[in-house]
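Under my numbering, think of the first position of the sequence shown as 331, with each following residue one higher. All remarks here apply to the structure that follows.
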Amino acid sequence: MAEYYEPNLYMSTPGFPNTMGISVTLTEPVDGDILQEVAEELRGRFPYFYVRAESDGSDLVAKPNPLPMTVRNTWEPIDLRSEEANYHLGAFKYEGRRLAFEISHALTDGAGVMPYMKSVLYLYLSRKTGQAFDSEGFRLPGSEIPESEVGDPFAGLDIDGAEPPLYQKETEGDFYRLDDGTTGRCYYLMLSEEQLMRYCKDNDASPNTVVSVFWAKAVRRADPTSDKTLSVAVACDHKAILGNNDSYRMFADTAELDFPRDMDLSNISKACTVARGQLMLQTMPENALWTIKQKKARRAQMAQMPLQMKMDMVAKFAGVPRWSIAVSYANSRSFGPLDPYIEELYVIASPGVTDVLCEIACINQHFFLMLAQNFSSQKYVDAFLAELSDAGIACEVRHSEDAKLCGVAAV
Numbered sequence: 331m332a333e334y335y336e337p338n339l340y341m342s343t344p345g346f347p348n349t350m351g352i353s354v355t356l357t358e359p360v361d362g363d364i365l366q367e368v369a370e371e372l373r374g375r376f377p378y379f380y381v382r383a384e385s386d387g388s389d390l391v392a393k394p395n396p397l398p399m400t401v402r403n404t405w406e407p408i409d410l411r412s413e414e415a416n417y418h419l420g421a422f423k424y425e426g427r428r429l430a431f432e433i434s435h436a437l438t439d440g441a442g443v444m445p446y447m448k449s450v451l452y453l454y455l456s457r458k459t460g461q462a463f464d465s466e467g468f469r470l471p472g473s474e475i476p477e478s479e480v481g482d483p484f485a486g487l488d489i490d491g492a493e494p495p496l497y498q499k500e501t502e503g504d505f506y507r508l509d510d511g512t513t514g515r516c517y518y519l520m521l522s523e524e525q526l527m528r529y530c531k532d533n534d535a536s537p538n539t540v541v542s543v544f545w546a547k548a549v550r551r552a553d554p555t556s557d558k559t560l561s562v563a564v565a566c567d568h569k570a571i572l573g574n575n576d577s578y579r580m581f582a583d584t585a586e587l588d589f590p591r592d593m594d595l596s597n598i599s600k601a602c603t604v605a606r607g608q609l610m611l612q613t614m615p616e617n618a619l620w621t622i623k624q625k626k627a628r629r630a631q632m633a634q635m636p637l638q639m640k641m642d643m644v645a646k647f648a649g650v651p652r653w654s655i656a657v658s659y660a661n662s663r664s665f666g667p668l669d670p671y672i673e674e675l676y677v678i679a680s681p682g683v684t685d686v687l688c689e690i691a692c693i694n695q696h697f698f699l700m701l702a703q704n705f706s707s708q709k710y711v712d713a714f715l716a717e718l719s720d721a722g723i724a725c726e727v728r729h730s731e732d733a734k735l736c737g738v739a740a741v
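What follows is the structure, given as structure tokens:
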């Protein structure tokens, strides 16, 4: 039986591909041949991303995949876990000055894939520019892979002895739905880091808290007559909460913010204080430890089920919306000596069980937001932009497109 911390590959289905990754815009057109070389060279340092899914009794397990990682000169999606992807659970694509790495979210999270993209760009830009960059802070071929990165992220902690935390929030059931159209759409925004951080400082808040409040205000602006509670999921990393910032393992989760109809959003400082309080109550170490215990127990329970039963359960559960909006902030801030060669940096993901997903990244004195929605209307995006404008935060929509992340093939 797979260890509780190993990838749950049955958590990705054709109907719920659960795909995420990183998209970067460089200052010069992408050289696909160099990118292909780099992709293969890094398999020695990141072997856990160069895998295929294989059936092992009642489970799907990650096995080494010797076939090349695909590098495609197109922005059109393919299915991971398919012949077109050489059966990998990750794939590269590029077009003009943009490149992206897309990967099954069952393998990793934003905190896990960010170091990989840094290494990709380090090797790529070293060869493309001929520059000898300082390698400190990069995970490169030949460097040691620490046990904290690949082993049990919670080694040394008493997971089995965890007690229920004093506060456990109940999920809002009757929450606001943003459905407005049938075609998924993605928007890519660039904000001033200085202006957003000053706003956070003035209101004693963090970027994900402020953005959550802005989204709540935006929905009220777009639909002022609704009396439904806005449910906002904020991504949290249980590994980091419990002291491990090295592991690539997928232990991201969510804290949940509720914005009921009678909550006063006109006072930003107060709204941010309430939101921050909700987050703090749900992200204490005892909450994280208890959550890991529950995940471990569920993994053991599902290990007894036939694979098809597990796949059917996941497909049914994945189709049930759980929040109005989800906000995630994968801390990047800088790629060091590579920053001058990078114009834009986005974390990209499928919205899945939320109507709107807002992924936040930061580099080169700008915040970059990717907004992915399950519908075609732009009215909520326009309302969000209006909230930013009212707050005095400069924002530019860099581009938008239909949702084009990789899917996943059937087992």
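Ideal Cβ positions, reconstructed from N, Cα and C, are used throughout, including at glycine.
For residue i, the three-state DSSP class (helix, strand or coil)
i	result
S478	helix
E616	helix
D534	coil
A753	The structure shown does not extend to residue 753, since the chain spans only 331 to 741, so no value can be given for it.
K423	strand
M350	strand
L292	Within the shown structure, residues of the chain are numbered from 331 to 741, placing residue 292 beyond reach of any answer.
F463	coil
F698	strand
S658	strand
Y335	coil
P667	helix
L508	coil
T355	strand
D439	coil
T684	strand
T621	helix
S434	strand
V549	helix
T603	helix
Other residues of its chain near residue i: CB distance less than 6 Å, five sequence neighbours each side excluded
i	result
L560	Y506, A546, V549, F589, S654
A552	K709, Y710, A713
R652	V683
R338	According to the sequence as given, residue 338 is Asn; it is not Arg. For N338, where only same-chain residues beyond five positions count, the Cβ hits under 6 Å are A436.
Rounded Cβ spacing between residue i and residue j (contact assumed at less than 8 Å)
i	j	result
C566	T613	5 Å
F698	E674	6 Å
Y529	A721	6 Å
T349	S434	6 Å
F346	Y446	Not a contact, Cβ separation roughly 23 Å.
Y497	L356	The pair is not a contact, with the Cβ atoms about 45 Å apart (cut-off 8 Å).
Contacting residues, own chain, Cβ-Cβ under 7 Å from residue i (five flanking each side not counted)
i	result
K734	W405, E406, P407
S662	M444, L675, A691, C692, I693
E414	I408
L365	V401, F422, Y424, L429, Y454
Residue closest to residue i, alpha-carbon to alpha-carbon, out of the options
i	options	result
A724	S522, D439, N661	S522
P495	D720, Q624, M399	Q624
G682	F463, A563, R373, F468	A563
A679	C516, N533, R652	C516
E370	F346, V450, A716	V450
S353	Y334, P359, N416, Y424	Y424
N416	P394, R427, L437	P394
V686	S658, F665, D669	S658
T539	A627, M399, V604, L419	V604
D386	S719, L637, E717, P670	L637
P760	R469, N575, R591	This structure does not reach residue 760, given that the chain is present from 331 up to 741, and the question cannot be answered.
N403	P396, F431, S707	F431
L487	S473, H418, G573	G573
Q461	V644, S707, L668	L668
G749	V677, D642, G351	Outside the shown range of the chain, which is 331 to 741, sits residue 749, and nothing can be said about it.
E493	E500, V391, P615, T459	P615
Own chain residues within Cβ distance below 8 Å of residue i, not counting five before or after
i	result
G442	S577, Y578, R579, M580
A570	A441
D732	T513, G514, R515, C516
V368	V450, L453, Y454, R457
Exposure of residue i, with buried meaning 16 or more beta-carbon neighbours within 10 Å
i	result
F647	exposed
H696	buried
D583	buried
L701	buried
H729	exposed
R606	buried
K640	buried
Y378	buried
G739	In the sequence on display, residue 739 carries Ala and not Gly. Counting Cβ neighbours within 10 Å, A739 comes out buried, since at least 16 surround it.
V650	exposed
A601	buried
Residue i at chain D interface by Cβ criterion, 8 Å
i	result
V381	Any reference to chain D falls outside this structure, which holds one protein chain only.
beta-carbon residue i near the ligand HEM non-hydrogen atom, thresh 7 Å
i	result
N403	By its list of ligands, the structure shown contains no ligand whatsoever, and the ligand HEM lies outside what it can speak to.
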